[in-house]
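Residue numbers (full-length UniProt numbering): 1 to 389. All C-beta atoms in this analysis are idealised placements derived from N, C-alpha and C, irrespective of residue type, glycine included.
Put into structure tokens, the structure is as follows:
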């Protein structure tokens, strides 16, 4: 289908509010909506799940226009999705970047994004004001200007992290049941799209990584998520824009030493695991600022890393996955999962929420091709207390 006459995206590509817990729901509107009156239980459940999924996407308030991914997001088979999609997608419209946007949720997302930017600006100004008001004798010549600048940046990020925990951004969902429907089959888009343009500082790295860096950045994000879940019981701890900038800095530091993104990621993840294990052993709790706690030791690990260290340990991709996934993807995302097939559906039991979301959002179409199935269902492995994707 041509996108020539479709509307522009309702939310800029750089808008990422996934670290916010969620949005406020206008209960009176929902209770009096046509969606509630006309939908079945499964249809209403899928619609609400997709609102939540859209809130966590980048751009916010959008979904990839891919039946397999949408079915996985809704927690149903592709066959079942084809029966409930008209009602589940009420309020979403297709835009010319190939993604589906919820009209009202998009307004909430823009208000939340604006509040996030203003809050960061206030925090930065407050830090600068404190710096100007310091007693000249406080440092007593013991810190260099470069060290002082780094400390100032850490103060900004630490305060941002504290504000993020408070989740003070107000959002109001006025109407989740818009009349526009997108039930007809539209062109598939396997990879999540981006409308282009350079995002504000701190937004790009926390969302979709630049071309050529995806494997390294994804591996570090996965390592951090696994660490927070394993040692601090925080399976849903978000990666903030400040964390995203730090990850990009680590990748850049590795590149200066001639390391590939995956080589750098191997060194970073090893050090993150070591640091998290030590913190957990001391009952110190999860670090609020990754830069303040991890940066120095991680950069030391990168400085001592050798090229191709990650490639040496990767075995060939087995059949039937060979040709569909490279060695890094296989070992990082699929090797640790239990995959079974039955009745034309592949069921993937993922060890963590990050594995689940990565497979559902990016790898499901290729899994379908590799296994010759018509749908993929991704769940959290039994015993972790998480629901299906």
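Would a C-beta distance cut-off of 8 Å place residue 268 and residue 298 closer than the cut-off?
Taking 8 Å as the Cβ cut-off, residue 268 and residue 298 qualify as a contacting pair.
Taking only three categories from DSSP, how would you classify residue 336?
Residue 336: coil per DSSP, three-state reduction.
Could you check the C-alpha separation between residue 97 and residue 217 for me, to the nearest Å?
Rounded to the nearest angstrom, the two C-alpha atoms are 24 Å apart.
My guess is that residue 109 and residue 17 are in contact by the Cβ rule of under 8 Å, so how many angstroms apart are they, rounded?
Confirmed, about 6 Å.
Mind checking residue 241: buried by the 16 CB within 10 Å criterion, or exposed?
With 16 or more Cβ atoms within 10 Å of its Cβ, residue 241 is classed as buried.
Inspect the CB distances between the stretch 56-65 and the stretch 4-12 and report whether three or more fall short of 8 Å.
Flag = yes, the stretch 56-65 and the stretch 4-12 touch.
Return the Cβ separation of residue 47 and residue 111 in integer angstroms, given the expectation that the two are a contact with Cβ distance under 8 Å.
Contact flag wrong, Cβ pair sits at about 22 Å.
Within 10 angstroms of its Cβ, does residue 368 collect 16 or more other Cβ (buried), or is it exposed?
Burial call: buried.
Confirm, please, whether the CB-CB distance from residue 353 to residue 391 is below 8 Å.
Past the boundaries of the shown model lies residue 391; the chain is included only from 1 to 389, so the question cannot be answered.
Do you know offhand how far residue 274's Cα is from residue 239's?
When rounded, the distance between both Cα atoms is 19 Å.
Please return the same chain residues whose Cβ sits closer than 6 Å to the Cβ of residue 347, not counting the five positions on each side in sequence.
Around residue 347: 340, 377.
Secondary structure at residue 218, three-state DSSP: helix, strand or coil?
In this structure, residue 218 counts as helix in the three-state DSSP scheme.
Go to residue 10, then tell me how far its beta strand (DSSP E) extends in each direction, as first and last residue.
That residue, residue 10, is in no beta strand (DSSP E); it is neither H nor E in DSSP.
Can you give me the start and stop residues for the beta strand (DSSP E) that residue 346 sits inside?
It spans 345-350 - the beta strand (DSSP E) in which residue 346 sits, taken as one unbroken run.
What did DSSP end up calling residue 115 once you bin it into helix, strand or coil?
Residue 115 falls in the helix class under three-state DSSP.
Using CA coordinates, which residue listed in 256, 278, 37 is at the minimum distance from residue 306?
The option with the nearest alpha carbon to residue 306 is 256.
Determine whether the beta carbon atoms of residue 105 and residue 54 lie at a separation below 8 Å.
In contact: residue 105 and residue 54 (Cβ atoms closer than 8 Å).
Thinking C-beta only, is residue 278 closer than 8 Å to residue 69?
No, the pair does not count as a contact, with Cβ atoms beyond the cut-off.
Use the C-beta contact count for residue 245: other C-beta atoms within 10 angstroms, 16 or more gives buried, fewer gives exposed.
Result: buried.
Any heavy atom of the ligand GTP within a distance shorter than 7 Å of the CB on residue 132?
Ligands displayed in this structure: none; no statement on the ligand GTP is therefore possible.
Under three-state DSSP, which class holds residue 305?
In the structure shown, residue 305 sits in coil (DSSP, three-state: anything other than H, G, I, E or B).
Cα-Cα, which of 229, 380, 323, 333 is closest to residue 371?
Residue 371 has its Cα closest to that of 323, out of 229, 380, 323, 333.
Among 328, 129, 49, 272, which has the Cα closest to the Cα of residue 22?
When only C-alpha atoms are compared, the closest one is 49.
What does the alpha-carbon distance come out to for the pair residue 221 and residue 250?
Their Cα atoms are separated by approximately 12 Å.
What are the boundary residues of the alpha helix (DSSP H) that residue 72 is part of?
Residue 72 -> alpha helix (DSSP H) spans 67-74.
Can you look up residue 61 in the DSSP assignment and give me helix, strand or coil?
DSSP places residue 61 in coil when its eight states are reduced to three.
Is residue 262 near residue 302, with beta carbons less than 8 Å apart?
No; because the gap between Cβ atoms is not below 8 Å, this pair is not in contact.
Within 10 Å of its beta-carbon, does residue 379 have 16 or more other beta-carbons around it, so buried, or fewer, so exposed?
Classification for residue 379: buried.
Between residue 381 and residue 349, which are expected to be in contact by the criterion C-beta below 8 Å, what is the C-beta distance as a whole number of angstroms?
4 Å between Cβ atoms; contact.
Beta carbon of residue 243, beta carbon of residue 315: below 8 Å?
Not in contact: residue 243 and residue 315 (Cβ atoms no closer than 8 Å).
Pick helix, strand or coil for residue 331, following the three-state DSSP scheme.
Residue 331: helix per DSSP, three-state reduction.
On the criterion of 16 or more Cβ atoms from any shown chain inside 10 Å, does residue 204 qualify as buried, or is it exposed?
Residue placement at residue 204 is poorly supported in this model, since its pLDDT is 34, which falls under 50; the coordinates still yield a value, given next. Burial call: buried.
Using the three-state DSSP reduction, which class does residue 232 fall into: helix, strand or coil?
Reduced to three states, the DSSP call for residue 232 is helix.
Given a cut-off of 8 Å, decide if residue 38 and residue 87 are closer than it, judged by their beta-carbon atoms.
Cβ distance < 8 Å, so residue 87 and residue 38 count as in contact.
If we ignore side chains and look at the alpha-carbon of each, how far apart do residue 266 and residue 219 end up?
Approximately 8 Å between the Cα atoms of the pair.
For the alpha helix (DSSP H) that contains residue 269, what are its first and last residues?
Residues 261-281.
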